[in-house]
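One line per chain: the protein sequences are A and B, in this order.
Residue numbering for the first sequence follows the numbering used here, beginning at 1 and increasing consecutively.
Residue numbering for the second sequence follows the numbering used here, beginning at 1 and increasing consecutively.
A virtual CB, placed ideally from N, CA and C, is assigned to each residue, including glycine.
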Amino acid sequence: MTEANFKLVEEVELLRLVTVGSVDDGKSTLIGRLLVDTKGAFEDQLLAVRKQKGLDSIATAADIDLAMLTDGLSAEREQGITIDVAYRYFATPKRKFIMADCPGHEQYTRNMVTGASTASAAIILIDARSGVMPQTKRHTHILGLLGIPHLIVAVNKMDLVDFDQAVFEQIRAEMNEYCAKQGVKDLICIPISALDGDMVAVRGNNLDWYEGKTLLETLESLPTLGDVDRLPFRLPVQLVNRPQTTELPDYRGFMGTIASGTIRVGDEIIAVPSGNTSTVKEIVTFDGNLQEAFAPQSVTLTLNDNIDISRGDMITRVGEKTGDSKDLTANVCWIGDEPLSARKKYIIKHTTNSVKAMVSSVDFKTDIHTLDHLDADELAMNEIGRITFKLQKPLHYDSYADNRATGSFILIDTFTNNTVGAGMIV
Amino acid sequence: MSEHKLTQLKALEAESIHIIREVVAEFRNPVMLYSVGKDSSVLLHLARKAFYPAPLPFSLLHVDTGFKFKEMYEFRDAFCKEIGANLIVRRNEDAIAKGMNPKDFGVARCCGALKTQGLLDALEEGEYDAAFGGARRDEERSRAKERVFSMRDEFGQWDPKNQRPELWSLYNGRIHDGESVRVFPISNWTEMDIWLYIREEKIPIVPLYFAKERLMVERKHLLIPYYEEMKDQLLEGEEPKMVMSRFRTLGCSPCTGAIRSDAVNMDEIVIEAAASRRSERETRIIDHGSNSMEDKKKEGYF
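Here's what the structure looks like:
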């Protein structure tokens, strides 16, 4: 046991993913398979067991902690339905995974948008016997809208179609064509049998015609953060740190999570909305000052000039300005009980900023089956559309396509305080 | 390839610090629940990181049942003094005066009075609108579905069927008068992450987490630490004996079991945690029973 073994375990990266599909597609079986086949992987890593991925022995269903896999809430068990997104955790020697497990049928938009909002990758489950269903297309459309960088189509139950390559190729062709229309950049199709474990964590003996990586190898090799560190620098200010202690009487630090990009000591910055400029004096953390920081680190910046910055402001680099406007157009997924309609007022929470907003127009709503744009006056629960808002004061933003962190917002009902919408700025 | 990489622990740390800062920015009077356990120790460490170099902008609240281990009280007082934290200790004195204990009143009633009611009273007395807790989603199945910002009504109760969706890292902290939130910044940490982080960051923890020869009573399948005061509470046939053991999780002494273990330092604890295929909460009597955690949370437990 050496320090090096611990380093290996500690230096794995984090991948957030979302799994969509209905119970009938074998989602619970797949999740159980992933949890079981990766269990003990940390132990192998720590003890430096040099087994092939530590996964040579396929576990049996009896090893699965079924209590954690079945529905978590008493109402779900009583009614035999899944109400809510559940979060699962598993790890391999290369990666730690946080998986948002979204129920397929009930309120799928609400749950999927929630689960997918933080995900870098999505697994879409398809039952090989049924092929691409209307529901599959709806899910794919929503995942595309949310800008999930990598979509993995897991064609499950290959054992029930005799591991027939033609069945898989048919589904792959159909998904490729559909995703091309959606602007999906990275689509990977994998034939699997979650029940037997083929092509999930191990290749198995039944799918030799498939030359790609297993599902787990794929998950281990996807980029974790995308290119968020290469985007323009954005630091939405959460708080101003003013200890006002005898040791630090005049200290002013700007605290926040770097939403995108990198920053170095000495860089010229500009604060919006004030437009004041300065240079970075220190990048402060509890573990010592840094020379450079990058997304998504949580840091505190001190500046060489005493300029006015407060919560809701954004620090960017000179020359990397955001868009700003009092009119805002966005794709909105509506998740409120009461429909969204023109003239209604909401609160928009965008980065660390909250502003009042009025709906100036419902530009269209999307028919989730045909993807046609329909004229509409309102958006009901689980509907998606294009909305234009008039804001009480300008927001500083990027388009969602350019920057998920500074292009997204939530809508809050001013009366109930509930979160009623998810917005993606166009 | 980009050279900007965050290890998974650093990514979790950044997320937790973000959440802690959001609460301080958006709430009038937050407080951090501090149970002296390993998860609380990590949570407190993250809070110190979040506001460095300033001191903690909120107090720590320990809801004490009077049944905690001696080592926990000693550790709590020494550590809070060392880091300069403002510690508030509250107990349900009414129930304690009436002699509340798990043996005579049952575990559920004892927990309800000393923990849940004690917590609700303390939160009401302090007029806190947000309370940080160290719960994790991998601990228990109802927690797997709880939000980071868990809304509570005027009675501190959780309604699992009516939770606000949480999108991106945009937390909705808007509440009506009388409502409050419980905030769980380490929701996405697993038990393994907690141990790895304690090891890497050298976070001080209660010595009970490390194995040594301890006087124990074996009750059903649990190892329960024996203290002189428990003499009259021994059941028939029970006899204290020395066992090499440690605690994976710390609660009240009558209701928290130890495990047989030789893990005497953090390296060995991490290896043991990695090897373990059993849930850490197995040694907590409180969780046994069909819906116990969910029921307790609905009533106001954290």
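Check: Bridge-paired residues (DSSP) for residue 183 (chain B); Outcome: B:132, B:149
Check: Exposure label - residue 155 (chain B); buried when at least 16 CB within 10 Å; Outcome: exposed
Check: Identity of the residues DSSP links to residue 100 (chain A) by a beta bridge; Outcome: A:18, A:87
Check: Neighbourhood of residue 45 (chain B) by C-beta distance below 7 Å, restricted to the same chain and skipping five residues each side; Outcome: 201, 203
Check: Euclidean distance between Cα positions of residue 179 (chain B) and residue 89 (chain B); Outcome: 23 Å
Check: Under 8 Å from the C-beta of residue 241 (chain A): neighbouring residues of chain B; Outcome: 51, 53, 54
Check: Cβ of residue 153 (chain B) within 7 Å of any chain A Cβ; Outcome: no
Check: Limits of the unbroken beta strand (DSSP E) element including residue 334 (chain A); Outcome: 323 to 334
Check: Per DSSP, the bridge partner or partners of residue 231 (chain B); Outcome: Partner(s): none; residue 231 (chain B) has no beta bridge.
Check: Contact check, residue 409 (chain A) vs residue 350 (chain A), beta carbons under 7 Å; Outcome: yes
Check: Listed by chain order, chain A residues near residue 163 (chain B) by CB distance under 8 Å; Outcome: 84
Check: Residue 408 (chain A): contacting residues in chain B (beta-carbon distance under 8 Å); Outcome: 167, 168, 170
Check: Amino acids of chain A, ordered along the chain, whose beta-carbon sits closer than 7 Å to that of residue 176 (chain B); Outcome: 417
Check: Chain B residues whose Cβ lies nearer than 9 Å to that of residue 221 (chain A); Outcome: Neighbours of residue 221 (chain A) on chain B: none; closest Cβ ~12 Å, over 9 Å.
Check: Spatial neighbours of residue 16 (chain A) in its chain, beta-carbon cut-off 7 Å, leaving aside the 5 residues before and after; Outcome: 98, 118, 119, 120
Check: Contacts of residue 296 (chain A) in chain B (Cβ-Cβ under 9 Å); Outcome: 6, 11, 14, 15, 18, 169
Check: Whole-angstrom distance between residue 52 (chain B) and residue 258 (chain B), CA atom to CA atom; Outcome: 36 Å
Check: Spatial distance of residue 468 (chain A) from residue 219 (chain A) (CA atoms); Outcome: Outside the displayed range of chain A (1 to 426) lies residue 468 (chain A), so it cannot be described from this structure.
Check: Local Cβ density within 10 Å of residue 163 (chain B), reported as buried at 16 or more and exposed below that; Outcome: buried
Check: Rounded straight-line distance, which links the Cα of residue 12 (chain A) to that of residue 452 (chain A); Outcome: With chain A represented from 1 up to 426, any question about residue 452 (chain A) goes unanswered, as that position is not in the structure.
Check: Beta-carbon proximity check, residue 47 (chain B) vs residue 33 (chain B), cutoff 7 Å; Outcome: no
Check: For residue 147 (chain B), the nearest candidate out of B:227, B:160, B:31, B:247 (CA to CA); Outcome: B:160
Check: Integer-rounded CB distance, given that residue 130 (chain B) should sit under 8 Å from residue 63 (chain B); Outcome: Between residue 130 (chain B) and residue 63 (chain B) the Cβ distance is about 16 Å, and since that is not below 8 Å, they are no contact.
Check: Chain-ordered neighbours of residue 311 (chain B) on chain A, where CB pairs are closer than 8 Å; Outcome: Nothing can be reported for residue 311 (chain B), as the shown portion of chain B is limited to 1 through 302.
Check: Neighbour flag for residue 229 (chain A) against chain B, beta carbons, 7 Å; Outcome: yes
Check: Local Cβ density within 10 Å of residue 91 (chain A), reported as buried at 16 or more and exposed below that; Outcome: buried
Check: Distance, residue 248 (chain B) Cα to residue 383 (chain A) Cα; Outcome: 46 Å
Check: Presumed contact (8 Å Cβ cut-off) between residue 188 (chain B) and residue 137 (chain B), rounded CB distance; Outcome: 7 Å
Check: Contacts around residue 361 (chain A), its chain only, beta-carbon distance under 8 Å, and the 5 residues preceding and following it disregarded; Outcome: 342, 387, 388
Check: For residue 190 (chain A), three-class secondary structure by DSSP; Outcome: strand
Check: Buried versus exposed, by CB contacts within 10 Å (16 or more), residue 270 (chain B); Outcome: buried
Check: Close beta carbons around residue 238 (chain A), own chain, < 8 Å, minus the five adjacent residues each side; Outcome: 255, 256, 257, 311, 352
Check: Residue 273 (chain A) - DSSP class collapsed to helix/strand/coil; Outcome: coil
Check: One or two residues paired with residue 365 (chain A) in a DSSP bridge; Outcome: A:374, A:385
Check: Delimiting residues of the alpha helix (DSSP H) encompassing residue 102 (chain B); Outcome: 102 to 105
Check: Neighbour-count burial assignment, residue 398 (chain A), 16 or more Cβ in a 10 Å radius; Outcome: buried
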